[in-house]
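Numbering (the numbering used here), first residue to last: 2 to 309.
Where is the CB? At the ideal position from N, CA and C, for every residue including glycine.
A quick note: this is a predicted structure, and the numbers were derived from the prediction, not measured.
Have a look at the structure below, then the notes.
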Ligand code: HSE
């Protein structure tokens, strides 16, 4: 028996919502998990690239694979051990770009393995395992449930989340550069301590951001997409981010510009034809840096993971 799951990409943080806010995007990976017929065959991990442009060679194909690790935790939860299993990852989400490719495969592997086991774990358990493997819940939550999610991993490992209604006219423009940035590196450069002033800045911006989303208030959104916890430290690793924020600051119909997850992709939120008006100037910023950039204007993905 085998089970396949389709899981969306995600963009996390949204500026001030470091490690707690994320949106699902309509770009998908498909993860298939099957029990192998030959006992003793061990783990087999196959990766199929849907798109030619993304290098997936760096994904481990042994016990260090994060999908395998997540599945192992699920088996442990139900008191079983994984022995012979085949995992196939059909990848269309660009890897190491800040678009939740690891969250997508973790969630897909877990949902597929849970179905194979007869669905012993509920969504709360699956979300908790996925967040544990990923280290934070901001990508795995929208990858599972779709939409715009606020998620908190509690001290006991459980995850409290809420899905907020995202205005359909707030467009998501994703700028995906042709180079990778390992999330481990992008997290390692963050300081261990920040000042109370910076923490207070983010607390109020994140609270304003959630309020702006809930009340569909574009003017408040513009004021709230600011961050002092991670972006200032990462902006030197994300080519063009500084120039883009300067270009887009106070432009009509541009609501904000933030690093997507840990980068290097960038999310620009716009209304009406705001992004079309600046697209050529945006392209020029990347051209001047000799960075090829895939620019996509997307709607929010609201369904989340689907068992096929
Ligand atoms: N919140 C995470 C970070 C997202 O910014 O490091 C990347 O996985």
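If you measure from the CB of residue i, is any heavy atom of ligand 1 nearer than 8 Å?
i           : result
residue 203 : no
residue 139 : yes
residue 213 : no
residue 14  : yes
residue 144 : no
residue 19  : yes
residue 231 : yes
residue 236 : no
residue 184 : yes
residue 103 : yes
residue 262 : yes
residue 187 : yes
residue 135 : yes
residue 99  : yes
Would you kindly check if the distance between the Cβ of residue j and the Cβ of residue i is under 9 Å?
i           : j           : result
residue 28  : residue 100 : yes
residue 35  : residue 7   : no
residue 283 : residue 254 : no
residue 178 : residue 235 : no
residue 106 : residue 68  : yes
residue 140 : residue 127 : no
residue 49  : residue 72  : no
residue 262 : residue 270 : no
residue 30  : residue 102 : yes
residue 305 : residue 144 : yes
residue 290 : residue 240 : yes
Tell me where the alpha helix (DSSP H) around residue i begins and ends.
i           : result
residue 224 : 219-225
residue 245 : 242-249
residue 317 : Because residue 317 is not part of the residues shown, which for the chain are 2 to 309, the question remains open.
residue 44  : Per DSSP, residue 44 belongs to no alpha helix (DSSP H); it is in the beta strand (DSSP E), 44-50.
Ends of the beta strand (DSSP E) at residue i?
i           : result
residue 256 : 255-260
residue 30  : 22-36
residue 311 : The structure shown has nothing for residue 311, since the chain only spans 2 to 309.
residue 271 : 267-271
Between the stretch 242-251 and the stretch 150-169, are three or more C-beta pairs nearer than 8 Å?
With the cut-off at 8 Å, the stretch 242-251 and the stretch 150-169 do not touch.
Would you be able to state if there are at least three C-beta pairs under 8 Å between the stretch 219-232 and the stretch 17-31?
yes
Would you check if the stretch 83-93 and the stretch 126-136 touch, i.e. whether three or more CB-CB distances between them fall below 8 Å?
no
Does the stretch 182-197 come within contact of the stretch 262-280, defined as at least 3 CB pairs closer than 8 Å?
yes
Below 8 Å, can you find three or more Cβ-Cβ pairs linking the stretch 209-221 to the stretch 158-171?
yes
Report the residue ranges of all beta strand (DSSP E) runs contained in full by the stretch 57-119; include only those spanning at least 3 residues, in chain order.
86-92
Along the chain, which unbroken stretches of the beta strand (DSSP E) at least 3 residues long are found entirely within the stretch 141-196?
149-154, 160-165 and 172-178
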